[in-house]
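Notes follow once the structure below has been shown.
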Amino acid sequence: MATIIKRESQLHASGTELRKVAYDLTDLASQGDDYLLEVRAEAAKIVQQAEQEAATIRQQAEAAGKQAAEAAIERILDEKVAQQMKSLTPALAAAVKQIEDSRQDWLRHWESSATRLACDIAARIIRRELQAEPEIALQWVQEALQMCAGAGEITLRLHPSDHETLGAQVQQLVEVFHPTAKANIVADASLSVSGCRVETEFGSIDQQLETQLERLQQELS
Numbered sequence: 013m014a015t016i017i018k019r020e021s022q023l024h025a026s027g028t029e030l031r032k033v034a035y036d037l038t039d040l041a042s043q044g045d046d047y048l049l050e051v052r053a054e055a056a057k058i059v060q061q062a063e064q065e066a067a068t069i070r071q072q073a074e075a076a077g078k079q080a081a082e083a084a085i086e087r088i089l090d091e092k093v094a095q096q097m098k099s100l101t102p103a104l105a106a107a108v109k110q111i112e113d114s115r116q117d118w119l120r121h122w123e124s125s126a127t128r129l130a131c132d133i134a135a136r137i138i139r140r141e142l143q144a145e146p147e148i149a150l151q152w153v154q155e156a157l158q159m160c161a162g163a164g165e166i167t168l169r170l171h172p173s174d175h176e177t178l179g180a181q182v183q184q185l186v187e188v189f190h191p192t193a194k195a196n197i198v199a200d201a202s203l204s205v206s207g208c209r210v211e212t213e214f215g216s217i218d219q220q221l222e223t224q225l226e227r228l229q230q231e232l233s
């Protein structure tokens, strides 16, 4: 009987110890799971930090590379522009000279055209005045006689219509300005109306309207 009780006591003790060992294993497993979770969390944190650092490094590298690329492109462009400008400078200088020459040619052409236009306008105005005031023709005769002062022989040519209408007055002017000269007043159909030409041993003086305007145009040019 005593033997049975002892065996039961032993069995009871063995069961308690087994339960204790089971509890210890459970605690150990729980601790292991917790540690594993901590390790995983720490590993994830390390991985995340590494990815962030890698992204930062990548951005910095991209920025640095972009700046370097932009600097290289700018340098290449500057070199190309410098080369092109070096080759274009003579062409540009020639183009500028050509433009300036063309400008001067245009100015000369414009001035000449403006002068011709002014003379044409003056001719129309003077012809109207000559019709209204025939004495203008006498004034031209007087100017021609004054310019050939000192001549010993004079031939004064007039248009036939002027010779007919102004002949006597022209004769009076000749006697006033060249009283001692041998004078001859003749009609010449080659002259324009209201114009005159005085010929002397020293040369001739043409006082036709067209000739006067031509001299004016030459002076203005």
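Residue numbers (this note's numbering): 13 to 233.
Don't be surprised by glycine CBs; every beta carbon is placed ideally from N, CA and C.
Bear in mind that the values here come from a model prediction, so they are computed numbers and not experimental data.
Sub-8 Å separation of residue i and residue j beta-carbons
i	j	result
H171	S216	no
Q154	L185	yes
L221	L178	no
E165	E231	no
A307	A193	A question about residue 307 goes unanswered here, because the residues of the chain that appear run from 13 up to 233.
S206	I148	yes
Inter-residue spacing [alpha-carbon to alpha-carbon] between residue i and residue j
i	j	result
A75	E82	10 Å
E86	Q95	14 Å
P191	A161	11 Å
F189	V182	11 Å
Q60	T68	12 Å
A180	D174	10 Å
E63	T101	55 Å
A199	R120	40 Å
Q158	E145	21 Å
R70	K98	41 Å
Q116	Q229	19 Å
Counterpart residues of residue i in DSSP-defined beta bridges
i	result
I166	A195, T212
I111	Answer is none; I111 lacks a bridge partner.
I148	I148 is not bridged to any residue.
D218	R209
Residue i: first and last residue of the uninterrupted alpha helix (DSSP H) it sits in
i	result
H175	172-189
### Task
Taking 8 Å as the threshold, find out whether the region 109-120 comes into contact with the region 162-176 through three or more Cβ pairs.
As far as the Cβ criterion goes, the region 109-120 does not touch the region 162-176, which means the pair count is below three.
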